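Q: Take this structure, written in C-alpha cells, and hold onto it; I'll ask about it next.
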Amino acid sequence: QLRRIPHPPRRVPLLGDVLGVRPRTPIQDSMRIGAGLGPIFRRKAFGKEIVFVWGARLAGELADEARFAKHVGLGVANLRPMAGDGLFTAYNHEPNWQLAHDILAPGFSRDAMAGYHPLMLDAAGQLTDRWDAEAAAGRAVDVPGDMTKLTLETIARTGFGHDFGSFERTRPHPFVTAMVGTLSYAQRRNVVPPALAPVLLRGAERRNAADMAYLNRTVDEVVAARRAADASGAHGDLLDRMLEVAHPETGERLSAENIRRQVITFLVAGHETTSGALSFALHYLARDPGVLARARDEVDQVWGDAAPPAYEQVAKLRYVRRVLDESLRLWPTAPAFSREARDDTVLGGVHPMRRGAWAVVLAALLHRDPEVWGERPEEFDPDRFAPAAVRSRPAHVFKPFGTGARACIGRQFALHEATLVLALLLRRYDLRPEPDYRLRVGERLTLMPRGLRLRLTRRGVPG
Ligand code: HEM
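Here it is in C-alpha cells:
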C-alpha cells in the first residue's frame, strides 16, 4: 500500500529515517523533507510509519467529510491523559463529543461573542498599560510572553469568569509553565521509541505528572469557585454552559469529570494558538512598514475617534484581518491535523487506504504549495487574501482551523480577539524590530516565534 509513497533516501534499519532529524522541530523538519519529496510522503521512526500530505489536490480530498474524518493521533492522542474525551481530544465515536459540542456551540454565537467583547477590551487594556510603561522606559517588549498573558487572561475571563493576574507577574503564570511542559512532553513522545520511553523520558514523565496535577488542581479551583459563588447560570459564559445547560434534545448534562476535561481543553486550546498567531502577525507588521501603514490607516479610518471600539467595528477591519490570515498561512500555529478513512478508499486514485488508515495534513506546507500560492510562497503578502484572490483559489487550501465537523469551535473567537488586539496596538504604538532579529520558530505541538522582541513608541491618538 505504501510502496508508491516516497520517503527520505537513507533509512537506518530499526531506527528508520533518523539521519539529520531535529527532534525539537519535527514540523519544520517535515516541511523541509516534504518539500523535497512531493505532495505525499512518509517518514519512519522506530517502526512507526507516518504518511504526510501537503499537496492541495490530495489535501482537498482528505477534507471530504463523506470519505474522511478527524483522526486522533500523534500529538493529539498524546494529550489524552490530560484532556481525555474533552472536545479537542475526543474520538469521533465518543458520545461526549456530540453532547459537549451541542451544549457549547451556542457559546460561540454572534450574541455570545458580542458579550465577550468588553472583557476582551479589559484584558487588552492591561496589556497596553504594561506596554505604555515599557515604551516610556525605552525597553523592548517580549512579544510571545506578553501575547500569552493577554490570550490566557482573555479566555479565562470570557469563558470562566476567572482572573489569573498574569499582568501582575513578571514571569509566566505557573498554569502556562505547566501547560508548556505538557505540550512539549506530548510532542517529545512522538520522537522517542515507545519501548525506550520509560527510560529516556523517566525524568520528563515525572515532571509531566506534576504538571498535569497542577493543571487539574487549577481547573478544580476555578470550577469550585463558580459553584460556591452562584450556580444560577447568570454569567452565561462557557463555564455556566458546562455546569448548567442540558442538551436541548436529550436533556443530558456533562459529568463533573468531563467538565474538568473541557475546562482544561478550553483554557489551553483557547489561548496558546491565538498567542502565536498574534506574535507572528506583529513580527511581520514590524518588518514591513508598507503593510503596517496600510493596516494602521484602515484602523484610523474605520474606528475614527471611537475609543474604545464597538463590537461591530472589529469585523470591518478587512485589511488587518488579511494580515492575520497571511500570518496564519505562513505559520499556522496548529500546524498539522490528521484525517482517517471512513471506509476502504483510494486517495488520489493511486493510494489505497483501508478503513481507519490515516494521514497527517501538513497545513504549514499546504499553505506553501506553489501550485496554489505561486512561485514565491514564502513571501508575506496580505493581498493574497483580497476577495478576488480568495475566489480564484480552490477550496480547502487554507486550513489553519482544521476542517469539517471537528474544525475549531473557537475560530470566530480567535479572529475577533486577534483582529481587535492588532488594531489596538497598531493605533497606539509605532513598532520597531530589533535590527539583528531573524525569525526562529519554536515548536511545542504549536508554533511560536522564539525570542521575538519589539521596540515601541507611543503615538498621539485617542484611546
Ligand atoms: C480545534 C486551530 C483558537 C478551541 C482546532 C483545530 C485546529 C485549531 C487546527 C482542529 C484540530 C484537529 O483537527 O485535530 C486553532 C487556531 C486558533 C484556535 C490556529 C487561533 C488562532 C481556538 C480558541 C478556542 C479553540 C480561541 C476556544 C475558545 C478549540 C476546540 C477544538 C479546536 C475546543 C476541538 C473542536 C472539536 O473537535 O470539536 N483548533 N484554534 N481554538 N479548537 Fe481551535
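Following our numbering, the numbering of the sequence shown begins with -8 at its first residue and continues without gaps. No residue lacks a Cβ here, since even glycine has one placed at the ideal position from N, Cα and C. Remember, it's a predicted structure, so these values are computed and weren't measured experimentally.
When you compare the CB positions of Asn83 and Ala60, do they come within less than 9 Å of one another, or not?
A: It is a contact, given that the beta carbons lie within the stated cut-off.
Q: Could you tell me which residues DSSP pairs with Ile31 in its beta bridges?
A: Val44
Q: Pro343 bridges to which residues according to DSSP?
A: Val337
Q: Using a Cβ-Cβ cutoff of less than 8 Å, which residues in the same chain neighbour Asp154 once the five nearest sequence positions on both sides are dropped?
A: Glu144, Ala147, Arg148, listed in sequence order.
Q: Any chance the CB of Trp349 is under 8 Å from a heavy atom of the ligand HEM?
A: no
Q: Run the proximity test for Gly261: is its beta-carbon closer than 8 Å to any non-hydrogen atom belonging to the ligand HEM?
A: yes
Q: Which of helix, strand or coil does DSSP assign to Arg276?
A: The identity of residue 276 in the sequence shown is Leu, whereas the question assumes Arg. Correct three-state label for Leu276: helix.
Q: Indicate whether Ala201 and Ala405 have their beta-carbon atoms separated by less than 9 Å.
A: At a Cβ-Cβ threshold of 9 Å, Ala201 and Ala405 do not count as neighbours.
Q: Who does Trp349 pair with in a DSSP beta bridge?
A: According to DSSP, Trp349 bridges with Glu331.
Q: Can you tell me which residues form a DSSP beta bridge with Arg382?
A: None, per the DSSP bridge assignment.
Q: Helix, strand or coil for Pro165? Go by DSSP, reduced to three states.
A: helix
Q: With a threshold of 8 Å, establish whether the CB of Thr448 neighbours any heavy atom of the ligand HEM.
A: no
Q: CA-CA distance, Gly116 and Gly77?
A: 31 Å
Q: Going by beta carbon distance, what residues of the same chain come within less than 8 Å of Glu243, once the five residues before and after it are set aside?
A: Leu90, Ala237
Q: Count the other CB atoms, across all protein chains shown, that sit within 10 Å of the CB of Lys39; report buried if there are 16 or more and exposed otherwise.
A: exposed
Q: Name the DSSP beta bridge partners of Met439, please?
A: Gly433
Q: Need the endpoints of the alpha helix (DSSP H) that Asp135 sits in, please.
A: Checking the displayed sequence, the identity of residue 135 turns out to be Pro instead of Asp. 134 to 151 is the extent of the alpha helix (DSSP H) around Pro135.
Q: Determine the extent of the beta strand (DSSP E) in which Ala60 is found, giving its start and end residues.
A: 59 to 61
Q: Taking 8 Å as the cut-off, is the C-beta of Thr324 nearer than that to any heavy atom in the ligand HEM?
A: yes
Q: Just checking Glu408 against the ligand HEM - is the residue's beta carbon closer than 8 Å to any of the ligand's heavy atoms?
A: Indeed, a heavy atom of the ligand HEM lies less than 8 Å from the Cβ.
Q: Would you mind reading off the limits of the alpha helix (DSSP H) that contains Asp202?
A: Residue range 193 to 220 is occupied by the alpha helix (DSSP H) that includes Asp202.
Q: The beta strand (DSSP E) spanning Thr241 covers which residue range?
A: Unbroken run through Thr241: none, as it is neither H nor E.
Q: Among residues of its own chain, excluding the 5 on either side of Val9, which ones have a beta-carbon nearer than 7 Å to its beta-carbon?
A: Val3, Ala36
Q: I'd like to know if the region 310 to 317 and the region 271 to 282 are in contact, where contact means that at least 3 CB-CB pairs between them fall below 8 Å.
A: yes
Q: For Ala398, count neighbouring Cβ atoms within 10 angstroms of its own Cβ and tell me buried if that reaches 16, exposed if not.
A: exposed
Q: Could you tell me whether the Cβ atoms of Arg441 and Val432 are closer together than 9 Å?
A: yes
Q: Among the candidates Glu434, Thr142, Gly51, whose CA atom is the shortest distance from the CA of Arg179?
A: Glu434
Q: Since Phe99 and Gln403 are thought to touch, with beta carbons under 8 Å apart, how far apart are those beta carbons, to the nearest angstrom?
A: At roughly 6 Å, the Cβ-Cβ gap stays under 8 Å, so Phe99 and Gln403 are in contact.
Q: Figure out for me which residue from Arg419, Arg193, Arg198, Gly156 has the closest Cα to the Cα of Val171.
A: Arg198
Q: Can you tell me the Cα-Cα spacing of Leu174 and Leu70, whole angstroms?
A: 8 Å
Q: DSSP on Leu321, reduced to helix/strand/coil?
A: helix
Q: Tell me which same chain residues have a C-beta within less than 7 Å of the C-beta of Leu338, skipping the five on either side of it?
A: Non-local C-beta neighbours of Leu338 in its own chain, meaning closer than 7 Å and more than five positions away in sequence, comprise Leu49, Glu52, Met344, ordered along the chain.
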